[in-house]
Every structure is written in structure tokens, then in C-alpha cells.
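Take a look at the structure set out below.
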Amino acid sequence: MISHRVTLLTLALVFGGAVLLAVLNQFTPPGSALHVPPYVIALVGKYLCFAMLALAVDLVWGFGGILPLGHAAFFALGGYAMGMYLMRQIGTRGVYGNAMLPDFMVFLGWKALPWYWSGFEWFAFAALMVVLVPAVLALVFGWLAFRSRVTGVYLSIITQALTYALLLAFFRNDMGFGGNNGLTDFKDIVGFPVQADPTRASLLVLSALFLCGQFLLARFVVMSRFGKVLIAVRDTESRTRFLGYRPESYKLVVWVLSAIMAGIGGALYVPQVGIINPSEFSPANSIEAVIWVAVGGRGTLSGAILGAVLVNFGKTWFTSALPELWLFALGALFIGVTLLLPEGVMGLFRARAAKPGTAPEAEAAPAKGMVT
Amino acid sequence: MTEADTLLYLDGVTVSFDGFRALNGLSLVLEEGEMRAVIGPNGAGKTTMMDVITGKTRPDTGSVIYQAGTDLTKLDEPAIAALGIGRKFQKPTVFEPQTVWDNLLLALAGDRRPKFSLWARESAAERARIEQILETVRLPEQRHRRAGDLSHGQKQWLEIGMLLAQEPRLLLVDEPVAGMTDAETEQTAELLREINLTRAVVVVEHDMAFVRALGVKVTVLHEGSVLSEGSIDHVSEDPRVIEVYLGR
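Top line first, the protein sequences correspond to chains A and B.
In this text, residue positions in the first sequence follow this note's numbering: the first is 1, and each later residue adds one.
In this text, residue positions in the second sequence follow this note's numbering: the first is 1001, and each later residue adds one.
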């Protein structure tokens, strides 16, 4: 149901595109017509991180039937884990020159590093936390929710509440994550200056690599027998129970995997944008991620990547050209896609590719899915 | 009848929904390998009985003993399915966007855990079994079609095929011929008799001609308990049955 051609095209566009931009940025002189300015590199890197979030949303929504309205929480947690590492790398180069404490802690008059900051001076530890923190939260949340058979709108609302609760918590200075300013003023990542062009170009290529890896992993999962069960659970959950499957364990596996994917996206996002603050937890971010997937085509994986890049490109353009109209445009886009393109942009391609007289290959994104 | 021959024993099962007694002290014995038809007017408790046996509904009182040892009222749906009880719903319930083949593959008896299904490859034995079931349910030509594109009758058969793939000891079939043509009804009766050669079957049905065609022991339910039991001729002559059901 996900053709090899589309898969190869997706991989080629993502990775090839990122490498091409990075090369044009690094190896052409700034005056040349072919030169890609650094801000484009940072922007595209950001889009690719959002695409990882979109992929994570598509996995649970498109294939598991769980509409997540709080997935940006996992993205932000991964981002905070990376941010904590980057903060510890600043060392004495901060405004207060404190080797141990980040600036905001000195400002708050703290004397020692809170226990949960220990270990973040090591990249390997931080990388582990990028995976572990979203995974554990998703495991606990999913175990409670799926075991109690919370589904549909109720589940969506709880996910929204989860990210909102985290938003409020991270706003508090007492939490020790920099309050509403968040974590910023980063200097180095694994020894390289985070603001330097070669570092940014490398981060872009790295993001593309991770995105391709996640895409292949997600594709493997949905095309395995596990994926078939998952789709069956999405469409007719009670039937799978009478066949002897436990839908809650299938949902839990895919939910945790999806949280990890989002977390990795967040971790790559933070060094490229240079800041992580509580606004990343805001419910609107999670809803936007759902719109990306709807625009690209729910249940297609490639569509999630396409949607994330397209909508964010639109956002970049709109917010500089007509900033006050962006939210209206986004709303109109969502309504338009829901009414006219229930299968998103990928649905357009699919309709064109289908031979006349035969039904589309797979109606992986039934229109009813938009509301469930 | 000895205890060893008893496959399923419902003992005084009562289920109430908001004060309405869907089942009222229902007791029923099903023997190993038996085919039983269950009839009764709307609201007699037929579907609720299936819900209790398959673990969807937990009874207020009473027990459901399977194979003389397991009380099904203590288990949930997947656990009961794993014990070998399959269920066909009134409305055909198949996995619509997936192919006929995949529907059967998902139903095949085997490991149901995610860690197995993530790595599972279709084995030769599985393929052979699916081919065999496709023949039995008369759908070999439809294997690559989406289940959602099948006709109503074909969906019913696919669902019966999925039940067979589960390798159950006991099949619960809810109104298998509702909405079928006469020819399909006849073929379905034949199919159920074929299945009954190796497994016990409980058929809930409204269609009296179909029940007569099956030619098996009939249990008549009324207001949540057994009104009459015996051959179709016996129960259709029972004055109480005539009054509540057949006489209408």
C-alpha cells in the first residue's frame, strides 16, 4: 500500500535535497547565484524536524486511529533534553561566568545544580534522555489510557490536557528549566560552534538522515503484520479483540515509538533554532502538526513529510509577507483540505496514478478518520 | 450425557441493564461438537447471551463454564478467543480496507503479541491454510480484493472464514443469513453443516426456514430465559412458543 516508487522518491528528495542545499551553502562563494544563504539552511533544517513530528503523528493517527492533540509535548521534551546538554556546554562563557550553573539559575540565586540536571554534561547521556523521557511519559500515559479503553475524542482531549499541563509546569521558574525564557544562548554542540555555518549544514544533513531513518522504520512497522493488525484496530477495534488480539498492547507499542520519533525531532530542532522554551508545549503546536498530516495525506507517511514542509514553507512566507493573515490562512487550509482533499495532497497523486477503471490502491485514509 | 461431553454450560446467568433484565437466570448446556439453533423474539436476550459467552458483557450472577473447568465470566475477550471461541457478528464485521487474504491472515490461529507480529513472515503452512479456507468459504477468486468491496453475502462468508482460521472449538454465529438471497442462504446452511463436522456451532437466527433447513436442536429464548428446547417440530408445537413467537 506504500509503493516502492513513492518511498524511493521520498528518500531521494529528503536526503538529496538536504545534501544539495548543504553543499551549495558550503562550497559556493556568498556572491554566487548558486549560493544558498545560511538562513535557508536553518529554515529547511527546522522543516525536517517538524517533518519528524508529522511522521510521528501520522503513525498513531493514520494507522492507529488515535488523533493526538498533544504530540508536540514529546517533541518539546526531546528538545529540552538536548537544550540541557547545550546549556551545560556553555560553561564559563555565560553572562555570570559560572562553570556549573546556567545563567538563569544564578539569576534565581540557586546555589547548586538540581539533581535532574546531572549527567547532561555528557552528550551520550543527553541523547539517551532524548529517547527515554518521551518514551517513559508515553508508556505511562498510554498504558493508563489504552488499558481503560479510552478512545476517540476523549483520548484526544486528554493528550491536549497533557501538553497543556506540561506547558504550565515548564513556565514555572521553580521547575528549573529556565521558566518562560527557556534554554538559549547555546555555544557548542559536541565541540563544534552551534552558530557556525558548517555546523548548521551538518545539522541539516543529520536531520535529513534521521528523518529518512524514521520514515523507513515507520514504513517497516506499518507494512509488517503488526501494521495490518494496527490498521484493523483502527477500523474495527472490537473485532480484533474477538480474534484474540489485545488492541491496547498494539496501540501502546506504536504510541511509544511515535513519542520517541517526535522526541528525536525536537532534539535536532533545538540546536538549529537556538532556543527551547515552554511555548513549544502550547496546544496550538500539536494541532498544527495534525494539520500538516491532514494536508499531506493521512496514513501515507510520505504525505506527513510533504505536508510538514509545505505548510511550514507557507507559514514562513505568510508570516513575513502577511503576518496577520497566517492563522486565517491555516484555518482555511484545514477546512479546504477536509472538504476537498480528504486524502490530502498524496490523495491527488494517487488519484492520478490509479489506472482508469480500477479503484485506488488503498483507501488508507477514510474520510471519517478526520474526526475520530 | 457425561460431564466430559459438555463443551459449554451456562448456569443461572442474569444480566441487567438499568433495571431491564436482558438475561434472567439463563441456563443452557451445549455438548462437544453440537450444532444448536437459538431463536426468540427481539429482546429475548440472544445477542446478550453471545456477549456474555465472549466476555463482552459480564453477568451480574451466574457462571459460564467452558470445557468443564474454565469460568468464562472471569476472562476478557482476547483470553476467551484464545481458548477457542469465535464469534460472528450480526452485521458483517471485516477489516474493510484490507484484502480478503489479509483478513484471513490476521484471523489465523497463532501468536497474537506485537513482538511476534512485528517480525512475522507468511509461512508456507499459513499460505496453505488460507488457500484451504478460501475454498471452504467459496472466495478463492476474491483473494486480492478489498474486503469492503465484497457483496454482503461474500462478507458474511469471509467473516465465517475468519472464524475458521481461528481454529475455534466453538463458533457463535449471529444471524448469518440476514439480508442474503435464497441461494446464498442455502449455501450458508451447507457451509455451517460442513463446519459442524469438526466444531460446535451456535446459530442465532430469525429465519425459521433456515433453522428448519439446519435440522438441529433448537432453544427458544424468551425474556432472558429458556422457554422451550428440542427439535424444530417439537418447539413449533409448544403452545407457549406459539403464543410468544410463532403466533405473531
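Glycine included, C-beta positions come from ideal geometry on N, C-alpha and C.
Only a predicted model underlies this, so the values are computations on that prediction, with no experimental measurement involved.
Taking each of A:Leu48, A:Leu209 and A:Glu237 in turn and checking the Cα distance to A:Val311, the smallest one comes out for A:Leu48. When rounded, the separation of the alpha-carbon atoms in A:Val131 and A:Gly31 is 41 Å.
Within its own chain, the residues whose Cβ lies closer than 7 Å to the Cβ of A:Ile287, once the five positions on either side in sequence are excluded, are Leu69, listed in chain order. Taking C-beta atoms as the reference points, B:Leu1104 and B:Ala1044 fail to come closer than 7 Å. Between the C-alpha atoms of A:Leu203 and A:Val233 there is a straight-line separation of about 37 Å.
Spatial neighbours of B:Val1201 in its own chain (CB-CB distance under 7 Å, excluding positions within 5 residues in sequence) are listed in chain order as Met1035, Leu1171, Val1173, Leu1192 and Ile1195.
DSSP places A:Ile41 in the uninterrupted alpha helix (DSSP H) bounded by Pro38 to Asp58.
Each residue's CA atom was taken as its position, placing A:Tyr39 and A:Thr319 some 15 Å apart.
In the DSSP secondary-structure assignment, B:His1222 is bridged to B:Ser1225. The beta carbon of A:Ala73 sits no closer than 7 Å to any beta carbon of chain B. Judged by pairs of C-beta atoms under 8 Å, the segment 218-229 of chain A does not touch the segment 115-129 of chain A, as fewer than three such pairs exist. Residues of the same chain with a CB within less than 7 Å of the CB of B:Gly1012, apart from the 5 flanking positions on each side, are Gly1025, Ser1027, Thr1061 and Gly1062 in chain order. Around the beta carbon of A:Trp317, fewer than 16 other beta carbons sit within 10 angstroms, so the residue counts as exposed. Residues of chain B whose Cβ lies closer than 7 Å to the Cβ of A:Asp235 are, in chain order, Phe1095, Glu1096 and Pro1097.
Listed along chain B are Ser1117, Leu1118, Trp1119 and Ala1120, each with a C-beta nearer than 8 Å to that of A:Ser224. Of B:Glu1126, B:Phe1017, B:Thr1047 and B:Gln1090, the smallest CA-CA separation from B:Ala1178 is found for B:Gln1090. Counting only the Cα atoms, A:Ala127 lies some 26 Å from A:Gly17. With a cutoff of 7 Å on beta-carbon distance, B:Pro1078 and B:Glu1159 are scored as not near each other. Annotation for A:Ser282: Leu167 place their beta carbon closer than 7 Å to its own, counting only its chain and skipping 5 residues before and after.
Not flagged as an interface residue toward chain A: B:Ala1183, since no C-beta distance is shorter than 7 Å. Counting C-beta pairs closer than 8 Å gives fewer than three between the segment 1138-1154 of chain B and the segment 1108-1127 of chain B, which falls short of the contact rule. Residues of chain A whose Cβ lies closer than 8 Å to the Cβ of B:Ala1082 are, in chain order, Gly244. Of the other Cβ atoms in all chains shown, fewer than 16 fall within 10 Å of the Cβ of B:Thr1181; this residue is therefore exposed. B:Pro1176 has a beta carbon lying at 7 Å or more from every beta carbon in chain A.
DSSP places B:Lys1056 in the coil class of the three-state scheme, outside both helix and strand. With a minimum length of 3 residues, the unbroken runs of beta strand (DSSP E) contained wholly in the segment 1072-1136 of chain B fall at 1085-1088. In the three-state reduction of the DSSP assignment, A:Met105 falls in the helix class. According to DSSP, residue pairing for B:Thr1181 in a beta bridge does not occur. Three or more Cβ pairs closer than 8 Å define a contact, and the segment 235-245 of chain A falls short of that threshold against the segment 48-58 of chain A.
The residue among B:Leu1163, B:Thr1054 and B:Glu1032 with its C-alpha nearest the C-alpha of B:Leu1106 is B:Leu1163. Cβ proximity to chain B below 7 Å picks out Val253 from the segment 252-277 of chain A. In the structure shown, A:Met100 falls within a coil segment according to DSSP collapsed to helix, strand and coil. Leaving aside the five residues that flank B:Val1220 on each side, the residues in its chain whose CB is nearer than 6 Å to its CB run, in chain order, Ile1039, Gly1040, Leu1227, Ser1228, Val1235 and Val1241. A direct Cα-to-Cα measurement between A:Ser156 and A:Leu162 gives close to 10 Å.
At a cut-off of 7 Å between beta-carbon atoms, A:Lys111 makes no contact with chain B.
Of the other Cβ atoms in all chains shown, fewer than 16 fall within 10 Å of the Cβ of B:Gln1132; this residue is therefore exposed.
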